[in-house]
Every structure is written in structure tokens, then in C-alpha cells.
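From first to last, the protein sequence lines stand for chains V and F.
Using the working numbering, you'd call the opening residue of the first sequence number 900 and step up by one each time.
Using the working numbering, you'd call the opening residue of the second sequence number 900 and step up by one each time.
Each residue gets a CB set at the ideal place from its N, CA and C atoms; glycine is no exception.
Keep in mind it's a predicted model, so treat the numbers as computed, not measured.
There are 2 protein chains.
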Amino acid sequence: MKKQSVGLGLLGLGVVGGQVARVLTEKAETLSEQVGCPLVLRKIKCLPQDLNRPLTKELPAGIFTTDNEEFFKAPDIDIIVELIGGENPAYDYQKRAITTNRHVVTANKEVIAKHGTELLKLAQQHDVGLCYEGSVGGGIPLIAPFKHDLVANDITGVYAIINGTTNYILTRMAKEGIGFATALQNAQQLGYAEANPRNDIEGIDATYKLAILATLAFQTEVKPEDIYCEGISRIGSRDFRYAREFGFAIKLLAIARQSDNAIEVRVHPVLLPEETFLAKVDGVYNAVEVEGDLVGKVLFFGEGAGARPTSSAVIADIVYSAQKIARGISGKTRLRLDSGRSIKPMSAVETEYYLRITAADRPGVLAQIARTFGDHLISISSAIQRETENGGQSAEIVIMTHPAKEAAMQQALAELARLPVVKEVSNFIRVENV
Amino acid sequence: MKKQSVGLGLLGLGVVGGQVARVLTEKAETLSEQVGCPLVLRKIKCLPQDLNRPLTKELPAGIFTTDNEEFFKAPDIDIIVELIGGENPAYDYQKRAITTNRHVVTANKEVIAKHGTELLKLAQQHDVGLCYEGSVGGGIPLIAPFKHDLVANDITGVYAIINGTTNYILTRMAKEGIGFATALQNAQQLGYAEANPRNDIEGIDATYKLAILATLAFQTEVKPEDIYCEGISRIGSRDFRYAREFGFAIKLLAIARQSDNAIEVRVHPVLLPEETFLAKVDGVYNAVEVEGDLVGKVLFFGEGAGARPTSSAVIADIVYSAQKIARGISGKTRLRLDSGRSIKPMSAVETEYYLRITAADRPGVLAQIARTFGDHLISISSAIQRETENGGQSAEIVIMTHPAKEAAMQQALAELARLPVVKEVSNFIRVENV
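Shown next as C-alpha cells:
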């Protein structure tokens, strides 16, 4: 059944919600034209304190409510736009929207990462759509390519710089030689890192986004807890110096790749060859490289967060859903989960490694360390030994390995730590030659 | 009306056509699953010599024809995929497909650039779709972002490295210090440039692609002949040396940007700041940067040509069209041409300039040259003067200007050429600070 207008309900009037409301108002005419009928914002559920914001003066007073029941029972709402963020109560709100046969548009990475498959199945049963382009990478098209543009491909890998906060911190460390703590403090002062930065710097935020991308790319349900995750807090300024010497940059990378008949899904710092595109992505920008059997490598780059870029994605989803509603077409989202691929355990993953070891500065030390690697069949590709600054008491040994299994490396690391000549395994970082 | 299967007819069995036929065969099952019903390749129109290719052994013999009438009259063909390339007879074939109510999928940049608006209007009248993702940038999604992902944005600029041949030549010149002729010869030997390379090196190929992108981005019909066009053949290895000294790379850029209430559309070599992303795009790769009021800058990067990447885009369009046909949904392509924007004449365009001038090596020369710029209200931002290698008889003067109008610069150039002390204006290149 074709419709004369499409009604929207907006849940949440925070920075993104406010921006979406503003654009829907300011661009009402061109957006309606694209939909093919009026696109009408009918109801906004917000917090009591939101009612004092300047934006509320620009919209009809009756549009606002702070009451859930009033919001969900308002008539003529075809699409509910959930922009409150966080897992709860957003998850329940999305379910309620779907089970009352409303299409859902959201930018909520946590809900989609944790409950996306369940919600998509529910949406299929209710013949409505669930769109979430804004949940990953701000306004960069990252969901649509997997659902439309790259459908002819078997995706072989996804390599993503997908958390602006950590990329900003690593960029400052790389360019200015400052330490992690100082770079984090700077990021907080500039509003690029939150007061409690754990979700970003420990890689958790990146696991949400990677779960969403990997599920789409490999038609395999990937949950955040399936993803191996390491943050950036143990990276030191010395690591950047050595990395540069070997021709590498250091980035927090989210990786999903085909490997045998399984997939690897992992978020951790990596050494990337300096000449690669991802190595050149600096500051708060995001970039996602996708490898397909036909397309080769394609890369998508842009601002990965912020109210305006995210509103670009949310409104694109609204227009897409509204076009279907206006034409009386089923908005049902196709859910492809059929590959039967398993997730490879981290212990079976193979990469090259960079290691920085503090050891006693005396003859035979490098030989002992090298023997430990040899015992675990790990082959060293290059090694450098330097005196540290504490007056020749200890040496810093940096080792690059050929590809080795993570399990073997972990055993070697444990054994190295027990060697009397080794004072500390100061860091180890995986190397990706993407 | 829903359909039990969707039939395809393929026009052309060249490198791209052959690859598309192969993928449709090899991936028939997964593609049909995505369409929702069998996707069947029913007819291929090819040249007599194509019948000897190995591919023809892998497909049912009855599928091939060398006869137009047999092809166009074959039953149960819902989508005609035109992959013969060039303007004629492809243009007529597309018209015939549309007027016999078949959807069209094509990768033909020349037909779409020259006749796209007319064909889209015709397709609307016949309630069929016309898809051309493969016409620009190989498998990189470049059409879809404008039609879907970025619809909430007012696009302010499109900056594109969109011709792999010229980017390969410029990259070799930049990295190896070789001249244009040698680099072109190398590109020809490697198959990156054609025996007659004019379309690529003179920028004509880029104008086709820019016409397509600009029409979509600005909802303004832009034809190739509306686009100011300069090729790369006059760039010398000396220009790369000076550009590097000033911190710039040299690229052939296709530009469409909002400027006052008009749009600028131009293809020419530019100096780009070295630290920008586009400056780092090397070799045969393509990259398109899009600026929107909400999304900020987004960049799309990948292999811009080749049978496999192009087949990725063509098949995505086939699946998209077939999904609509299978569900009985109108495939009509929406045509938005409504902005009322005009195209700014090149004489009114304002950029910064780099100039390389060969002059007599004696006192007062730079002053005379500077005065000529001053007479035309063009302000110089920096200048260097070097002796040339011919024993001090002449000097090379390189000038960078502040923004100036093209008309003023052309007048200044003409006047410079007439100055007795000026032996030659060896080159001038516009500077873009994107």
C-alpha cells in the first residue's frame, strides 16, 4: 500500500539526535522530494533537560515528550530512529519498535554488535527494516558496500582503523615522540577522548564495530566477545622509534579475514608498512580497507564520528526506508547468515612479530634469546641490539620474526621472561603486511 | 508482478563481458540466492571471433549469437547488460533495450557521459532502470554513494584521480625522475596505456567520468564538452623537482565544485600538497574525494579499471536490478535534475598557480616579470631563480602565486611571452589546496 506521508519518531535528543532533528527540519523539502512524499518528524522522546535546548524552540512544542508510552503510542509513526546509544534501554526500545511493526534506523553500535542478528530476525518476522549505517564509521558508507556494492565478491579481508580516539593518540605519539599518558591527556583536553577512556583505548569500541562489519562481510555471526582484543596503552615512544627504523607505522587495527575455512577476528596494535595507505591515515580519521576476489582492494576513508557525519548516515537510512514505505514495498532487511565458517582461535593465528626485550648487556645474551625462539620453531628475520640509557647495565634487543603461530609465540614469551639474562619483555606487537 | 526467474542478455564478450559471463556462471547459485530467484544468462551477442574463446566451451552453445535481431528478440530477457563500450553502436543498443522495456546495466562511460540524461528520461518513460556503477572507477562504489549514501548532503566538491594511465605515468615521473615520453612508453609496454594513448593522456577519458559524477553530485546536466580539459603531456621532470621543493605532488585531477551559485568542472594537472591523501595515490589506482555539508570529506579508493573490478560493479548492478524485478517492484531510476546551477566559465575560475619561466640571466629580469603579474593584480607568494644548465646564458624562474582569476592569468601569460627577457613560459600548473 502506497502512503501519502511517512512519519518519523526520534528517540534521543543528544548530539547526534539533535543534529538529525535539525537536518530533518532544515532539509525537509529536498528530503521529502527524494522520498516521493512528505517526510514528517512527528514525535521526539527526550530527557527533561533537553527541553531547555535552543533546538526545541525551532520545532512545534507538541512534538516533544519525555514519556515512553506517549512516544510509542503516538499515531502515524512508520520509522523509529533510535539515537540514545548504549545497550540499555536502547535494545528494549528497538525491540518494542520492531514488534509494533515500525522500521528502525539506528546509529547504536553496541546494540547492533551485541543483538543485531536477533533484531534482524525479529524485523524479518515483522516485515520491517532495520538500518544501521551510522553505527560504524560516521558518515563513511561501510554497511551499504557489503549489502549492495560488493555483493558479487567473496570478501577475503577487512582491515580497519575504526576508532578515532586511539588513532589520534597514536598519531601524536608518532609525530611528536611523546608518551601514551601525555597523548591521552591531550586527546581528553581536545574532546577526542572521554574522561573515562577505557572503551576506546582498550579496543572495546573497535570490537563493536568490527563485529558489525565481520558479520556482514563473512555472513557469519560475530559477537564482540568472539573478537580477540588488545588496547594501545602499552605502546611506548621507543616502539615508534624502532618501528620507524624498520619502515613501519603503529596503528590499532581491527582485522577480519578469511583464513583456511575459518575467519580471524581481532583488534590489536600492529606494525604496518609505512608505504601502505592505512599507515598514512592520521588523526581522528577512520579508514576501512576491504579485499574481495573481484574488486581487489577498495578503501573507504573519512571522519569516523561526530554529529554531522553520523547524521549523514542516519538520514540516508531514513530516506532509504521511507522510499520503500512510500512506494508500499516491503522494507524487510535481507539477512544472510549461511557460510558455516567458524572463528579461528587466537592461538592458531599466524603473524609476524616485533619484540622489544630489555636484557643484561653481556656476551651471549642475544644467542640465548635467539635459541628460545628456535626452540619454538620461530624464525627471526632481523634483530638489533642497543645499549639502554642507564649506563651500559642493560641492553635493549629488538627482534622481528618471520610468520609464527600465536601459541608458539606465547610459549616463547613465557620462556623468555624466565631467562635470567632477560630483565623484561618490554613489548610485543604483531606485524601485518596488508 | 513477481517473477520466477530473471533473464539476462549480454551484449559484448570482450575482457569485461567475458569476465561478467564467467562470474555469472561460477557464482550462479549465490547470486540467485541474493536475487531471490534464479538469475539466468540467456543470450550473449558477441563477435564471430569471440566464438573461439575458451569461455564459450563452458557455456551452453545455444546461448551465443552474432546476430542483433536474434539477440534483441530472444524471449525472457529482463535485463540487457551492455559491455561493448564506445559510443556507437552501444548508444543505439541501449535505446533499443530500453524502448523494448528491458532494464539496462552498463559500464559504458562514453554513452552515459554523452547521453545519460536522455537515456535516463527514456528509461523512466518505460518504467525500467538504467544502472552504470561500472562506468566510473572500476569496482569502487562511486555512483551508489551519490544515489543513496550521501543523499542527506549538499555536495560541495568532488576531487578525483580517475584515470589510471595518467596517474601511473605521473607516478613513474615523480619517483624516477624520467621524462613524459619514457614514462608513457613504459606504460604502453606494461599494457597500462593504449597504442593510441590520446584519450587518456589528454584527459578526455577523465572528462567522461567527471561528467557522470558531476551530473549526479550537483543534479545538473554536465556534458563532457562542458568540462575544461588539459592533459599531462607538457609536464616535465623539472616540474616534479620544483613541486617537491615547494612541498607538492603533481596529479591529473578531475574537479567538480560548487562556486558561488555555479559549478566548476575541469580536468587538468594540479599541484597538490604532499600531505593530502590524493597526493599519496600512486600507480594505476583511482581515488575520489567527495565533500558534503554533513559528511565532511569522504574518500573512495581502489583499482579504477580492469575486468575483475569492473565485473564487481556490473554484477552489483545486475543483482540490484534483478531484486526489483523478482519482487515485482518498479525498477525506475529516479532522475534528479533540478538545481538550476550553471557551469562557471573557465575564465572566471580562481586558483593559485605555479609557473616555470625560462628567461635571460641578467639583473632586473625577475622585477620585470613580477611587474607583469602586478599589472594584472596577480600577487606572487614565492619565487625562486636558478641558473639553467646551458652555461649561465639563461635562468629558470619559478613562481607561485596567490589565488588569481584564470582570465587575468591568461593575459599575464600572453604578456610575459612577449617580454624580450622571457625566452619561454615553460609551464604553468594550477595549485589546488584540497
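Presumed contact (8 Å Cβ cut-off) between residue i and residue j, rounded CB distance
{"i": "V:N1185", "j": "V:I1061", "result": "5 Å"}
{"i": "V:V1004", "j": "V:S1210", "result": "Contact flag wrong, Cβ pair sits at about 11 Å."}
{"i": "F:Y1031", "j": "F:A1006", "result": "7 Å"}
{"i": "V:V914", "j": "F:A1051", "result": "Actually they do not touch by this definition, with Cβ atoms about 16 Å apart."}
{"i": "V:G985", "j": "V:R952", "result": "Incorrect: roughly 20 Å between the Cβ atoms, too far for contact."}
{"i": "V:D975", "j": "V:R1001", "result": "About 11 Å separates the two Cβ atoms, so there is no contact after all."}
Chain F contact for residue i (CB, 8 Å cutoff)
{"i": "V:P937", "result": "no"}
{"i": "V:A1043", "result": "yes"}
{"i": "V:R1207", "result": "yes"}
{"i": "V:D1048", "result": "yes"}
{"i": "V:I943", "result": "no"}
{"i": "V:G1038", "result": "yes"}
{"i": "V:V915", "result": "no"}
{"i": "V:Y1219", "result": "yes"}
{"i": "V:A1116", "result": "no"}
{"i": "V:G985", "result": "no"}
Residue i to residue j span [Cα, whole Å]
{"i": "F:V1169", "j": "V:H1025", "result": "54 Å"}
{"i": "F:Q1222", "j": "F:A1043", "result": "16 Å"}
{"i": "F:F1337", "j": "F:A996", "result": "Outside the modelled stretch of chain F, which goes from 900 to 1333, sits residue 1337 of chain F, for which no answer is possible."}
{"i": "F:L1276", "j": "F:V1321", "result": "20 Å"}
{"i": "F:E928", "j": "V:I943", "result": "45 Å"}
{"i": "V:I1054", "j": "V:V1121", "result": "15 Å"}
{"i": "F:I979", "j": "F:K902", "result": "17 Å"}
{"i": "F:G1130", "j": "F:G1078", "result": "15 Å"}
{"i": "F:G1239", "j": "F:A1269", "result": "41 Å"}
{"i": "F:D1181", "j": "F:N1066", "result": "7 Å"}
{"i": "V:N1013", "j": "V:A1105", "result": "Just to set this straight, residue 1013 of chain V is Lys in the shown sequence, not Asn. Computed Cα separation, rounded: 13 Å."}
{"i": "V:E1190", "j": "V:L907", "result": "37 Å"}
{"i": "F:V905", "j": "F:A1215", "result": "15 Å"}
{"i": "F:Y992", "j": "V:L930", "result": "35 Å"}
{"i": "F:F1045", "j": "F:R941", "result": "32 Å"}
{"i": "V:E1188", "j": "F:L1254", "result": "38 Å"}
{"i": "F:E1173", "j": "F:A1142", "result": "9 Å"}
{"i": "V:E1144", "j": "V:R1133", "result": "19 Å"}
{"i": "F:D1260", "j": "F:S1158", "result": "41 Å"}
Per-residue burial, residue i [other beta carbons within 10 Å of its own, 16 or more giving buried]
{"i": "F:E1251", "result": "buried"}
{"i": "F:I1283", "result": "exposed"}
{"i": "F:L1109", "result": "buried"}
{"i": "F:P988", "result": "exposed"}
{"i": "F:P947", "result": "exposed"}
{"i": "F:P1302", "result": "exposed"}
{"i": "F:K1074", "result": "exposed"}
{"i": "F:E981", "result": "buried"}
{"i": "V:T1119", "result": "buried"}
{"i": "F:T1064", "result": "buried"}
Three-way DSSP call (helix, strand, coil) for residue i in this model
{"i": "F:A1215", "result": "helix"}
{"i": "V:S904", "result": "coil"}
{"i": "V:G1102", "result": "coil"}
{"i": "V:S1210", "result": "helix"}
{"i": "V:Y1253", "result": "strand"}
{"i": "F:H1354", "result": "Residue 1354 of chain F cannot be examined here, being either before or after the span of chain F that is shown, 900 to 1333."}
{"i": "F:N1031", "result": "In the sequence under discussion, the amino acid at residue 1031 of chain F is Tyr, which differs from the Asn named in the question. Three-state DSSP puts F:Y1031 in coil, outside helix and strand."}
{"i": "V:A1186", "result": "strand"}
{"i": "V:T924", "result": "helix"}
{"i": "V:E932", "result": "helix"}
{"i": "V:S1136", "result": "helix"}
{"i": "F:P1168", "result": "strand"}
{"i": "F:I1068", "result": "helix"}
Residue i at chain V interface by Cβ criterion, 8 Å
{"i": "F:F1176", "result": "yes"}
{"i": "F:L1198", "result": "yes"}
{"i": "F:Q1024", "result": "no"}
{"i": "F:A1110", "result": "no"}
{"i": "F:G1201", "result": "yes"}
{"i": "F:I1228", "result": "yes"}
{"i": "F:I1162", "result": "no"}
{"i": "F:A1215", "result": "yes"}
{"i": "F:K1179", "result": "yes"}
{"i": "F:N1052", "result": "yes"}
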